[in-house]
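Quick mapping for you: the protein sequence lines, in order, are chains W and R. With the numbering used here as the guide, the letters of the first sequence map in order to residues 5 to 117. With the numbering used here as the guide, the letters of the second sequence map in order to residues 34 to 144.
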Amino acid sequence: ETGVTQSPTHLIKTRGQQVTLRCSSQSGHNTVSWYQQALGQGPQFIFQYYREEENGRGNFPPRFSGLQFPNYSSELNVNALELDDSALYLCASSFGTDPRGQYFGPGTRLTVT
Amino acid sequence: DQQVKQNSPSLSVQEGRISILNCDYTNSMFDYFLWYKKYPAEGPTFLISISSIKDKNEDGRFTVFLNKSAKHLSLHIVPSQPGDSAVYFCAASAITGKLIFGQGTTLQVKP
């Protein structure tokens with residue numbers, strides 16, 4: 005049984021560009037949640053996808069968007085990158101929306117210059 | 034508006050002693066509280082949780098206490114081991130499954 009994987013591990017983008025981050029959920033899981041962790045802070049909830057539908061969104065602007073595919077893997081897209089978007093992006097998969105069942109991936113470190 | 038706060042950025046304890054990590058929250062609608070442990074270059078790993086209807090939950094060396102009147106929870110690790118050195122996050126959730134995290138406390142357990 006494979007755990008949650010994320011790609012890429014690191015990437016560097018320029019302000020104004022667009023980025024796509026990917027997450028493969030753990031086998032049997034149908035829910036993916038995305039979090040942003042800025043340096044020295046705790047993870048902040050971006051949004052959650054349950055069975056391919058958005059199921060809750062945090063306080064992030066519309067340039068943060070996502071998708072969940074039929075195999076329950078997920079993408080996070082960020083348009084018009086800003087310097088403050090530099091952070092570790094974590095995804096967590098679960099079966100259903102029970103908060104106790106979320107398993108996190110190792111994250112993607114995004115640097116915006 | 035920080036709904037979950039961990040006011041101690043760091044904590045250092047001697048191996049074998051008790052580690053106590055604290056967390057405060059403001060929203061009385063939270064129904065679950067969770068503790069996660071995070072090593073560098075890894076995602077957070079779930080440690081232990083407590084429902085809002087309970088005041089204590091134990092799992093081996095880890096015990097979480099919830100004081101609803103004070104809107105405060107704490108994680109006790111007894112005895113502390115060097116492998117426990119990590120960043121610990123407190124998180125809270127309402128029914129939606131959205132987790133709200135504190136800022137984290139870095140625990141160092143000295144041999």
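Backbone N, C-alpha and C define an ideal beta-carbon position, used for all residues, glycine too.
Beta-carbon contacts of residue i that lie in its chain and below 8 Å, excluding the five residues immediately before and after
i, result
"Q41 of chain W", "P47, Q48, A91, L92, Y93, L94, G111"
"D88 of chain R", "F98, L99, N100, K101"
"R19 of chain W", "L85, E86, L87, V116, T117"
"L132 of chain R", "L67, A124, A125, S126"
Proximal chain R residues relative to residue i, where beta-carbon distance stays under 8 Å
i, result
"G62 of chain W", "K131"
"P110 of chain W", "A74, E75, G76"
"Q52 of chain W", "T129, G130, K131"
Secondary structure of residue i, DSSP reduced to three states
i, result
"D89 of chain W", "helix"
"G116 of chain R", "helix"
"R55 of chain W", "coil"
"G60 of chain W", "strand"
"G49 of chain R", "coil"
"G70 of chain W", "strand"
"R104 of chain W", "helix"
"R19 of chain W", "coil"
"S78 of chain W", "strand"
"A96 of chain W", "strand"
"N83 of chain W", "coil"
"Q41 of chain W", "strand"
"G88 of chain R", "The question names Gly, but residue 88 of chain R in the sequence shown is Asp. Coil, per DSSP."
"Q30 of chain W", "coil"
"Y58 of chain R", "strand"
"N100 of chain R", "strand"
"Q35 of chain R", "coil"
"T24 of chain W", "strand"
"V120 of chain W", "Outside the shown range of chain W, which is 5 to 117, sits residue 120 of chain W, and nothing can be said about it."
"S107 of chain R", "strand"
"V8 of chain W", "coil"
"T78 of chain R", "strand"
Contact list for residue i against chain W, beta-carbon separation under 8 Å
i, result
"G135 of chain R", "G46"
"S126 of chain R", "P103"
C-beta atoms of residue i and residue j nearer than 8 Å
i, j, result
"D89 of chain W", "L114 of chain W", "yes"
"D57 of chain R", "K71 of chain R", "no"
"A169 of chain R", "L140 of chain R", "Residue numbering for chain R in the displayed model covers 34 to 144; residue 169 of chain R lies beyond these limits and cannot be assessed."
"T24 of chain W", "Y54 of chain W", "no"
"G60 of chain W", "Q52 of chain W", "yes"
"L106 of chain R", "F79 of chain R", "no"
"S97 of chain W", "S29 of chain W", "yes"
"S31 of chain W", "Q106 of chain W", "no"
"G135 of chain R", "F122 of chain R", "yes"
"G109 of chain W", "G76 of chain R", "yes"
Chain-ordered neighbours of residue i on chain W, where CB pairs are closer than 9 Å
i, result
"S52 of chain R", "The premise fails here: S52 of chain R is roughly 19 Å from chain W at the closest Cβ pair, so nothing lies under 9 Å."
"S82 of chain R", "P103, R104"
Listed by chain order, chain R residues near residue i by CB distance under 9 Å
i, result
"L94 of chain W", "G76, P77"
"F49 of chain W", "K131, L132, I133, F134"
Under 7 Å by beta carbon: chain W residues contacting residue i
i, result
"L67 of chain R", "P103, R104"
"F122 of chain R", "G46"
"S118 of chain R", "Result: empty, since nearest Cβ-Cβ is about 18 Å, beyond 7 Å."
Sequence-distant residues of the same chain with beta carbon closer than 7 Å to residue i, five excluded per side
i, result
"D92 of chain R", "I81"
"S69 of chain W", "N81"
Cutoff 6 Å; reference residue i; Cβ partners in own chain excluding five residues on either side
i, result
"K143 of chain R", "Q47"
"N83 of chain W", "Q22, R67"
- Query: If you scan the segment 119-144 of chain R from start to end, which runs of the beta strand (DSSP E) of 3 or more residues do you find wholly inside it?
  - Reply: If we require 3 residues or more, the beta strand (DSSP E) runs fully inside the segment 119-144 of chain R come out as 119-126, 132-134, 138-143.
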